[in-house]
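Chemist: Numbered per our numbering, the sequence shown spans residues 43 to 448.
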Amino acid sequence: MKHLLVLFSTLILVSCSSYRLKEHNFPDPVDTYEKPVTFQEKREITNQGITADNLFDGARMNDFLMVNDTTFRVVVSPENFPINGSAYFGFRIKSTTKRNIDLEIEYTQHEHRYIPKLSYDGENWTAMDTMLFDTIKAPNLATLKLEIDSKPLFVCGQELMTSDNAVSWTKNIVEGNKEASSGVAGKSKLGRDIIFFDIDFSPRKGKETVVIFSRLHPPEVTGYIAMQSYVETILDTSALSTLFRNKFRILVYPMVNPDGVDLGHWRHNAGGIDLNRDWAFYRQVEPRIVANHVMDQLKKKKSKVVLGLDFHSTQEDIYYTLTDNRKSNIFGFKNIWLEGIDNKFPNYTPNDGAYDLNTPITKGWFYLQFGAEGITYEVGDETPRDFVREKAKVAAQEMMKLLVLR
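What follows is the structure, given as structure tokens:
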């Protein structure tokens, strides 16, 4: 607890007299004006008794070809380019007869990234044995060895957790917790609901607020799983969680980019933009809606944000935090928080990827807009799901231990 004195002796008082959403000049601005997007054609394609389709939310398949009698190929393209190399795929495949095939996944941009996840029902998933696929032919060409039959097999880069999942999960949260209420912050570019829920133990005004975002980037499912576990821990019946909810308000936006998620996009929204680069001028509808909604909610309760968490996925577990020259209104929090997580896992050390303000991302927005601590909580693509949930549970507990002392 060597940083405890710093945490509670160095507090920056942030005025809440104005709840006006501000524009911000980040050091490295990004062009977030709308860009053209190529939408995949939704269809079912059959070659020699084998059928592949992308007729479900979260699918990504642009073509299906026969290479030879035993080899078939799915072609996958991103929504536009240039784009981050999150080469996501998602399709179903079946055969009129039981057979073994080599299935190639060819990416027109970037290289293979994800271990394929398999499911027959879209709910229960198994990561493919790494001995059964490779990229020997080319980095942008993965070859999978599959046994298929008449039962459609989902083959996806990550588990399917679409906007329907966010809606049903939020509904369960609200129905099971009298302290929680939910609603629609606004509509996405294509008219999908941008949902939120509000965890507030009492009607009194002035409570400090923690804001949580997830799924700005469509394929980042492990971050979404971590977010769910984090929020569920805040809502459990423990004495710590109850005390925390009595002192703090929590605003959760579980799926900021529902269009991108349901369209199987690699990175962008339906406007062709990375939504985690649009927190300076809010040119895209989704950041604009969410940012304004946060401000409206704060104004109603005369509260301020002390911590903002944005859950993402990348190749490894890492926490992107503010550098120490940025004195948030809970300055010192992240060092003690990460120490607490570290102490709970003997074989795991949290990776603090601190860097200063650069591009217009949520971490910087939380700091510039509110003076709050901003953290991008990143989870590895292939981090075991049980550990994803357990680490998020511990992270939530360590956060609550610190903040209830304020």
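Ideal Cβ placement from N, Cα and C applies to all residues, glycine included.
#1: Buried or exposed: Arg62, going by 16 or more other Cβ atoms within 10 Å of its Cβ?
#2: At which residue ranges does the stretch 274-333 contain complete alpha helix (DSSP H) runs of 4 or more residues, listed in the order of the chain?
#3: So, does the stretch 277-287 touch the stretch 327-335, judging by three or more C-beta pairs under 8 angstroms?
#4: Could you work out which residue in Tyr149, Ser210 and Phe175 is closest to Asn182 when comparing CA atoms only?
#5: Is it the case that the stretch 213-223 contacts the stretch 161-180, given that we only count it when at least three CB pairs across the two stretches are under 8 angstroms?
#6: So is Tyr75 buried or exposed if we call it buried at 16+ other beta carbons inside 10 Å?
#7: Should the stretch 154-162 be called in touch with the stretch 103-123, which here means at least 3 C-beta pairs below 8 angstroms?
#8: In angstroms, rounded to a whole number, what distance separates the CA positions of Gly416 and Ala396?
#9: Can you pull the DSSP bridge partners for Phe106?
#10: Specify the secondary structure class of Thr335 as computed by DSSP and reduced to three states.
#11: What separation, rounded to the nearest whole angstrom, lies between the Cα atoms of Thr391 and Asn110?
#12: Nearest-angstrom Cα distance between Glu189 and Val430?
#13: Our contact map puts Pro78 next to Gly314 with C-beta atoms below 8 angstroms; I'd like the distance itself, whole angstroms only.
#14: What are the boundary residues of the alpha helix (DSSP H) that Asp384 is part of?
#15: For the alpha helix (DSSP H) that contains Asp206, what are its first and last residues?
#16: Using the C-alpha atoms, what's the distance from Ala180 back to Phe255?
#17: Cα separation between Ala169 and Arg427?
#18: State buried or exposed for Gln90, treating a residue as buried only when at least 16 other CB atoms are found within 10 Å of its CB.
#19: Return helix, strand or coil for Ala222, following the three-state DSSP convention.
#20: Put Ser230 into one of helix, strand or coil per three-state DSSP.
#21: Should Glu153 go down as buried or exposed, given a rule of 16 or more other Cβ atoms within 10 Å for buried?
#22: For Ser60, is the classification buried or exposed, using 16 other Cβ atoms within 10 angstroms of its Cβ as the cut-off for buried?
#23: Residue range of the alpha helix (DSSP H) that Gly132 falls in?
#24: Can you tell me whether Ala268 is helix, strand or coil according to DSSP?
#25: From Leu46 to Glu424, what does the alpha carbon distance come to, in whole angstroms?
#26: Under the three-state reduction of DSSP, which class applies to Leu46: helix, strand or coil?
Modeler: According to the structure shown:
#1: Counting from 1 along the sequence shown, the entry for residue 62 is found at position 20. When all chains shown are included, Arg62 counts as exposed.
#2: 281-289 and 300-304
#3: no
#4: By 1-based counting over the sequence shown, the position of residue 182 is 140. For the residues Tyr149, Ser210 and Phe175, the minimum Cα distance to Asn182 belongs to Tyr149.
#5: no
#6: On the sequence shown, residue 75 is found 33 positions in, with the first residue counted as 1. Exposed.
#7: no
#8: Numbered from its first residue, the sequence shown carries residue 416 at position 374. Numbered from its first residue, the sequence shown carries residue 396 at position 354. Rounded to whole angstroms, Gly416 to Ala396 spans 11 angstroms at the Cα level.
#9: Taking the sequence shown and counting its residues from 1, one reaches residue 106 at position 64. According to the DSSP secondary-structure assignment, Phe106 is paired through a beta bridge with Val116.
#10: Position 293 of the sequence shown holds residue 335. Sequence check: residue 335 is His here, not Thr. DSSP places His335 in helix when its eight states are reduced to three.
#11: Here residue 391 refers to the residue found at position 349 of the sequence shown. Here residue 110 refers to the residue found at position 68 of the sequence shown. The straight-line gap from Cα to Cα measures roughly 48 angstroms.
#12: By 1-based counting over the sequence shown, the position of residue 189 is 147. By 1-based counting over the sequence shown, the position of residue 430 is 388. Rounded to the nearest angstrom, the two C-alpha atoms are 30 angstroms apart.
#13: The residue given as residue 78 occupies position 36 in the sequence shown. The residue given as residue 314 occupies position 272 in the sequence shown. With 8 angstroms as the limit, Pro78 and Gly314 qualify as a contact, their Cβ atoms being about 6 angstroms apart.
#14: Here residue 384 corresponds to residue number 342 of the sequence shown, with the count starting at 1. Phe375 to Lys386 is the extent of the alpha helix (DSSP H) around Asp384.
#15: If you number the sequence shown from 1, residue 206 lands on position 164. Note, Asp206: alpha helix (DSSP H), Ser205 to Glu217.
#16: Here residue 255 refers to the residue found at position 213 of the sequence shown. Here residue 180 refers to the residue found at position 138 of the sequence shown. Looking at the two C-alpha atoms, the distance is approximately 36 angstroms.
#17: Taking the first residue of the sequence shown as 1, we reach residue 169 at position 127. Taking the first residue of the sequence shown as 1, we reach residue 427 at position 385. When rounded, the distance between both Cα atoms is 11 angstroms.
#18: The sequence position of residue 90 within the sequence shown is 48, counting from 1. It is exposed - the Cβ of Gln90 has fewer than 16 other Cβ atoms within 10 Å.
#19: To locate residue 222, count along the sequence shown from 1; it is residue 180. Ala222: strand per DSSP, three-state reduction.
#20: As a first step, residue 230 must be located in the sequence shown, where it is residue number 188. In this structure, Ser230 counts as coil in the three-state DSSP scheme.
#21: One-based indexing of the sequence shown puts residue 153 at position 111. Around the beta carbon of Glu153, a 10 Å sphere encloses fewer than 16 other beta carbons of the protein chains shown; the residue is thus reported as exposed.
#22: One-based indexing of the sequence shown puts residue 60 at position 18. Ser60 is exposed by the Cβ-count criterion.
#23: For the purposes of this step, residue 132 is taken as the residue at position 90 of the sequence shown. That residue, Gly132, is in no alpha helix (DSSP H); its beta strand (DSSP E) goes Gly132 to Ser137.
#24: Taking the sequence shown and counting its residues from 1, one reaches residue 268 at position 226. The answer is helix: DSSP assigns Ala268 an H, G or I state.
#25: Against the sequence shown, residue 46 aligns to sequence position 4. Against the sequence shown, residue 424 aligns to sequence position 382. A caution first: Leu46 carries a pLDDT of 48, below 50, which makes its placement in the model unreliable, though a value can still be read off. Taking the straight line joining both Cα atoms gives about 34 angstroms.
#26: If you number the sequence shown from 1, residue 46 lands on position 4. Annotation note: pLDDT 48 at Leu46 (below 50); position unreliable, no value reported.
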